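**Q**
In UniProt numbering, the protein residues as written are 1 to 222.
1. When the distance is taken between beta carbons, is residue 136 closer than 8 Å to residue 1?
2. Leaving aside the five residues before and after residue 20 along the sequence, list all residues of the same chain whose C-beta is less than 7 Å from its C-beta, in chain order.
3. Among 210, 187, 92, 112, which one has its Cα closest to the Cα of residue 155?
4. Does the distance from the CB of residue 47 to the CB of residue 77 come in under 8 Å?
5. What does the alpha-carbon distance come out to for the pair residue 179 and residue 126?
6. Is it the case that the Cβ atoms of residue 74 and residue 90 are separated by a distance below 8 Å?
7. Using a 10 Å radius around the Cβ and a threshold of 16 neighbouring Cβ atoms, would you call residue 96 buried or exposed?
8. Can you check the segment 52 to 126 for any alpha helix (DSSP H) of at least 4 residues that lies completely inside it and give the ranges in chain order?
9. For the alpha helix (DSSP H) that contains residue 142, what are its first and last residues?
10. Candidates 197, 176, 33: which alpha carbon is nearest residue 7's?
11. Among the residues of its own chain, which have a CB less than 8 Å from the CB of residue 106, if the five just before and after it don't count?
12. Considering only the alpha carbon of each residue, which of 149, 185, 209 lies closest to residue 245?
13. By the 10 Å Cβ neighbour count, where 16 or more other Cβ atoms means buried, how is residue 69 classified, buried or exposed?
14. Bridge partners for residue 206 per DSSP, in chain order?
15. Taking C-alpha atoms, which residue in 217, 104, 38 lies nearest to residue 128?
16. Going by alpha carbons, who is nearest to residue 101 out of 199, 57, 197, 13?
17. Please state the DSSP three-state secondary structure of residue 200.
18. Could you spell out where the beta strand (DSSP E) holding residue 134 opens and where it closes?
19. For residue 209, which residues from the same chain have a beta carbon less than 7 Å from its beta carbon, with the 5 sequence-adjacent residues on both sides left out?
20. If you follow the beta strand (DSSP E) that residue 5 is part of, which residue opens it and which one closes it?
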C-alpha cells in the first residue's frame, strides 16, 4: 500500500516511515499541510496518517475541508486524549484515531482494520481463485501448501487482489509500491510481476498483460 504521513516531528516521522517500509509499504512524508496538499495533488494514496498540530494549521480543519473531495481513509495521530477530541476528529471525517505515544504494532493493526473496512472485508484473508492470500501473514495457502512471499510480492499481490478485473498501469503499480525517493524504473514492475506470476501459477488466478495499458488480475476458468 502507499501511505501519506503528515507529521512535523521528524524523529517520529522517520520511525513510522521505517517501520511501515519494513512491511513493504511505500510511505511519503509531509511535514506540513502545504506539503500534504502538494503530495495529494500528484499522487493517489491508500491511507493517510494525519497529525493534528502542524506548523501551518490544524490537521482536523484540513480534514474537514478536504472531505468534500477526498475519499482516502484517514487515521488521525495526536497527543490529545480527551473524549471530545476523539469525537471531534471522527465527526470531521477521520476513519480512526490513535493517541501519541502509540505502539507501532497497534498503529499497523489500525491501518489494516481501516483498509479492510474500506474494502468491505471483515478479515485479512482474500480468496484468489483456488488459493487464500493473507497479506498480514505474508503467505498464500493452496491446498495443503503454504507459500511465503517476499515484501514486494505481498504488496503487489495485495494491490492486484483489491483491484481484481481492473487494468493497472505500470505507473499506477509504481505509485503503490515505491515512495518518491525510490530510484526505480518501470522495468522493476515487470520483474515483480514475473515473479508473482510464477508464485500463483496453477492456483486458478492469473495476471494478464493488456498490451499498451498494463496488467489485470483475472480468475481462470475451470
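No residue lacks a Cβ here, since even glycine has one placed at the ideal position from N, Cα and C. All values derive from a computational prediction rather than experimental measurement.
**A** For this structure:
1. No, these two residues do not count as a Cβ contact at 8 Å.
2. Excluding residues within five positions, the ones whose Cβ falls inside 7 Å are 3, 27.
3. When each option's Cα is compared against that of residue 155, the closest is 112.
4. Contact flag unset, no.
5. Each residue's Cα considered, the two are about 25 Å apart.
6. Cβ atoms of residue 74 and residue 90: not closer than 8 Å.
7. When all chains shown are included, residue 96 counts as buried.
8. Within the segment 52 to 126, the complete alpha helix (DSSP H) runs of at least 4 residues are 59 to 66, 83 to 91, 104 to 118.
9. According to the DSSP assignment, residue 142 belongs to no alpha helix (DSSP H) but to the beta strand (DSSP E) extending over 139 to 142.
10. Ranking the options by Cα distance to residue 7, first place goes to 33.
11. Within the same chain, residue 106 has close Cβ partners 98.
12. Residue 245 is absent from the structure shown; the chain starts at 1 and stops at 222.
13. Classification of residue 69: exposed, given that the 10 Å Cβ count is below 16.
14. Answer by DSSP bridge pairing, in chain order: 218.
15. Minimum Cα distance to residue 128 is reached at 217.
16. Checking every option, the nearest Cα to that of residue 101 belongs to 13.
17. Residue 200 falls in the helix class under three-state DSSP.
18. Judged by DSSP secondary structure, residue 134 falls within the beta strand (DSSP E) whose first and last residues are 131 to 134.
19. Cβ within range, chain order: 215.
20. Per DSSP, the unbroken beta strand (DSSP E) holding residue 5 starts and ends at 2 to 6.
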